[in-house]
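Notes to accompany the following structure.
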Amino acid sequence: MLRPSIALGLAIPCVLLLAGACGGSSSAGPSKSGPRDGDAGGTQSGLSSGLPCDVDKILADNCRSCHAAPPQFGSPMPLLTWDQLQAPAATDPSKKVYELVAARIADEAKPMPPVPNARLSEANRQAIADWVASGAPRGPETCGNTTTTRPDGVSCTPSLSLAPESEWEMPEDAGDEYVCWGVDLSQEQAAHITAFVPVIDNTEITHHIVLYEAPSKVSGVPTPCSAGSAVTWRMVLGWAPGVKPLELPPEAGFPISTDPAKPTHYVAQMHYSNPQKLKGKKDKSRIDLCTSAPRQYEADVMAFGSQDFTIPAAPGQGGQYSIDCALTVPSAFANLHLFAAMPHMHKIGVAMSTTLTPKDGGPEVDLGTMPLYSFDAQAWLPINATTKSGDVIRTKCSWTNNTGEPVRFGEKTADEMCYSFTMYYPRIKSSIWSWAAPASGPPIGATCK
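Quick note on numbering: the sequence shown equals residues -1 to 447 in this note's numbering.
Below is the structure:
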């Protein structure tokens, strides 16, 4: 059995799209200019932050990729010095920054660093708690801790670059904005996309990016759009601070259309955040692409979960409402290699998991679990499984509905979704196949309860 590998793990915590004739713009090679994700740093080596060295190192290793100077990716403040942590908090001036840092680190529902990044170790959490309990004293040492930058982390050299037609300028008083732009993809020669490398132009306001494949075109000029997505859009990629570039297994790649009359259309949804009310901030982030000659297998994306549910206004036990959807793998889905998963819900989603239970009674296989789901921190999770006829794939979605109204499946921000987008190969090429078939309900898709 082939054992797929994928380079898409998480780097330092803090928390698309291809060449075409219409929509966005592309070039034969990526530009060497512009900051990349991770260029922001912490305090300079040899300069005192005023913090105890153990506290300084925890913040440098886990927080300063976002909480830098200036703050990056929509963060509200830097966390570089003792003076900065003693300042009144922007979100609650009655408290100091260090008090809210400790509270968010300990928060089980909305922790910092945010998901999908790992929680701080127990030792590091205790070190922060002890420092805060002692009054957050100044440290006398010069520590020299610096924030480690994130390399591109791919083994290939990008050969194509995708960008919107123009810059987006963030309104000073907008707070948060969702902005979409589209691009067509076609190439003269058959080729596969083997890696996606985000290049973040303005790290002060870019919060996250989601890429969809869409059946109809969206303008290449950045335009305000819904935070949700059309039900016909298929999620392809997600980026948030701390997420590395996506490199596919060496035996698989995404095919590039060779028919300019039938290009694949992609929609990039940008989330910008400007809590500091910065003026005149512009962004033209792009995605660099590695390509190669066609590989052994074509990769594709499908979705497990459900398209048919209503979340009641009064949630059940524990304030949550959940659905549990089981799909028995038919022979048509057998021998598919699953190598990455991206759980996807909207704003009130709190937890999601997908598992595979082998028909032969072997151990259960995790196909993507986010026990603390966040709409603003979606990313691909590495998985490794091969389907067999009779296996059971089960997806569970949980929501906390505090809206006072029932919430149904749909594309609007106020609607909800329950999709576990899953990358796999070889691509299913049946004319009656749909990427959403596993989530479409009986007789083809899952049965939910």
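For glycine and all other residues, C-beta sits at the position ideal for the given N, C-alpha and C.
Taking the alpha-carbon positions, what's the residue i to residue j distance?
i: residue 349; j: residue 241; result: 19 angstroms
i: residue 175; j: residue 222; result: 7 angstroms
i: residue 336; j: residue 73; result: 35 angstroms
i: residue 256; j: residue 296; result: 14 angstroms
i: residue 187; j: residue 250; result: 17 angstroms
i: residue 447; j: residue 434; result: 19 angstroms
i: residue 263; j: residue 334; result: 25 angstroms
i: residue 399; j: residue 311; result: 6 angstroms
i: residue 267; j: residue 230; result: 15 angstroms
i: residue 27; j: residue 118; result: Because the pLDDT at residue 27 is just 46, under 50, the model does not fix this residue reliably, and the point stays unresolved.
i: residue 92; j: residue 85; result: 10 angstroms
i: residue 69; j: residue 57; result: 14 angstroms
i: residue 189; j: residue 323; result: 36 angstroms
i: residue 203; j: residue 387; result: 47 angstroms
According to DSSP, is residue i part of a helix, a strand, or is it coil?
i: residue 351; result: strand
i: residue 225; result: coil
i: residue 331; result: helix
i: residue 51; result: helix
i: residue 78; result: coil
i: residue 166; result: strand
i: residue 371; result: coil
i: residue 189; result: coil
i: residue 102; result: helix
i: residue 131; result: helix
i: residue 118; result: coil
Just checking my contact of residue i with residue j at CB under 8 angstroms: how many whole Å lie between their CB atoms?
i: residue 318; j: residue 396; result: 5 angstroms
i: residue 466; j: residue 226; result: With the chain covering only -1 through 447, there is no way to say anything about residue 466.
i: residue 357; j: residue 161; result: Between residue 161 and residue 357 the Cβ distance is about 47 angstroms, and since that is not below 8 angstroms, they are no contact.
Can you confirm whether residue i, when its beta carbon is compared against all beta carbons of chain B, has any partner nearer than 8 angstroms?
i: residue 293; result: Among the chains of the structure shown, chain B does not appear; only one protein chain is present.
Which residues share a DSSP beta bridge with residue i?
i: residue 199; result: For residue 199, which the question treats as bridged, DSSP gives no partner whatsoever.
i: residue 178; result: 221, 267
i: residue 298; result: 422
i: residue 211; result: 232, 264
i: residue 397; result: 319, 347
i: residue 417; result: 303, 342
i: residue 392; result: 324, 353
i: residue 280; result: 167
i: residue 448; result: Because the chain here runs from -1 to 447, residue 448 falls outside it and cannot be looked at.
With a threshold of 7 angstroms (Cβ to nearest heavy atom), would residue i be considered close to the ligand ZN?
i: residue 417; result: Among the components modelled here there is no ligand, and therefore nothing to report on the ligand ZN.
Exercise for review: Evaluate the contact criterion for the region 405 to 425 versus the region 336 to 345: three or more CB pairs, one atom per stretch, below 8 angstroms.
Suggested key: yes
Exercise for review: Evaluate contact between the region 242 to 259 and the region 193 to 202, counting only Cβ atoms and requiring at least three cross-stretch pairs below 8 angstroms.
Suggested key: Taking one beta carbon from each stretch, the region 242 to 259 and the region 193 to 202 have 3 or more pairs nearer than 8 angstroms; the two touch.
Review point. Taking contact to mean at least 3 C-beta pairs separated by less than 8 angstroms, is the region 46 to 63 in contact with the region 75 to 89?
Key: yes
Check your understanding: Are three or more beta carbon pairs between the region 375 to 394 and the region 286 to 294 nearer than 8 angstroms?
Key -> no
Point to revise | Segment contact, 8 angstroms Cβ cut-off, at least three pairs: the region 374 to 387 with the region 106 to 120 | key: yes
Check your understanding: How do the region 230 to 241 and the region 165 to 173 stand: do at least 3 beta-carbon pairs fall below 8 angstroms, yes or no?
Key -> no
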